[in-house]
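Chemist: Right, I'll just put the structure down here and ask away after.
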Amino acid sequence: MTQQPVTVTPDTSAVEAYERMKSRNIHRLPVVEQDDRLVGIVTSSDIEGAVSFSEATGGWSEARFALAGSTVSEMMTSKPITIAPTNSMGQAAQLLLKHHLSGLPVVEDGKLVGIISETDVFRLVVALCGEE
């Protein structure tokens with residue numbers, strides 16, 4: 001689990017959220033209110049899907065223009081599937097698989113405390129198999 005993951009608020013611009021993901025090589029951002037209460041999740045695919053995003057049509061420069069004024073709240077998944085910190089990694093893996101998710105916010109008492117990604121599950125499998 002990644003503790004204290006990078007987050008955005010609902011009023012963060014879509015451009016800023018996308019650039020934050022790309023600069024950190026991550027694909028999803030939990031969306032929180034000021035008190036760290038989880039209200040959604042936004043992915044790079046959500047933002048890319050909001051505009052025609054291809055090199056043939058101008059790439060990111062043109063997409064930035066098309067996204068001007070758009071906020072995360074317009075593209076996020078509200079009320080995402082979550083897991084508690086007391087749940088096992090196996091339970092997290094089952095939820096990821098069952099719901100075709102790549103990341104799972106970890107919530108305790110309504111507040112975001114971390115995020116589990118597919119990579120976290122893969123790392124555990126490798127560790128359990130004794131491989132490096």
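The opening position of the sequence shown corresponds to residue 1 in the UniProt record's numbering, with each subsequent residue numbered one higher. We put the CB at the ideal spot given by N, CA and C, even for glycine. None of the values given here were measured: they were computed from a predicted structure.
Under 8 Å between the Cβ atoms of glutamate 108 and alanine 84?
Modeler: The residue you call residue 108 lines up with position 108 of the sequence shown. The residue you call residue 84 lines up with position 84 of the sequence shown. Taking 8 Å as the Cβ cut-off, glutamate 108 and alanine 84 qualify as a contacting pair.
Chemist: With a threshold of 16 other CB atoms inside 10 Å of the CB of valine 125, please say whether the residue is buried or exposed.
Modeler: Mapped onto the sequence shown, residue 125 falls at position 125. The residue is exposed, with fewer than 16 neighbouring Cβ atoms inside 10 Å.
Chemist: Let me make sure I understand the geometry here. Which of Asp120, Ile115, Thr77 and Tyr18 has the alpha-carbon closest to that of isoleucine 41?
Modeler: One-based indexing of the sequence shown puts residue 41 at position 41. Nearest option by C-alpha distance: Thr77.
Chemist: Nearest to glutamine 34 by alpha carbon, out of Ile81, Cys129 and Lys111?
Modeler: Sequence index remark: in the sequence shown, residue 34 carries index 34 (1-based). The residue with the shortest Cα to Cα distance from glutamine 34 is Lys111.
Chemist: Can you tell me whether alanine 68 is buried or exposed? The criterion is at least 16 other CB atoms within 10 Å of its CB, across all chains shown.
Modeler: Translated into positions along the sequence shown, residue 68 becomes position 68. When all chains shown are included, alanine 68 counts as exposed.
Chemist: Please name the residue, chosen from Asp36, Ile81 and Ser23, that lies closest to histidine 100 on a Cα-to-Cα basis.
Modeler: Counting from one through the sequence shown, the residue named residue 100 turns up at place 100. Selected option, being the one with the closest Cα: Ile81.
Chemist: Leaving out five residues on either side along the sequence, give the residues of the same chain with a beta carbon under 7 Å from the beta carbon of residue 134.
Modeler: This structure cannot settle anything about residue 134, because the visible part of the chain is limited to 1 through 132.
Chemist: On a CA-only basis, which of Gly103, Gln94 and Met89 is nearest alanine 127? Give me that one, please.
Modeler: Here residue 127 refers to the residue found at position 127 of the sequence shown. If we check each option's Cα against that of alanine 127, Met89 comes out closest.
Chemist: For serine 45, which residues from the same chain have a beta carbon less than 8 Å from its beta carbon, with the 5 sequence-adjacent residues on both sides left out?
Modeler: Walking along the sequence shown from the start, residue 45 turns up at place 45. Contacts found: His27.
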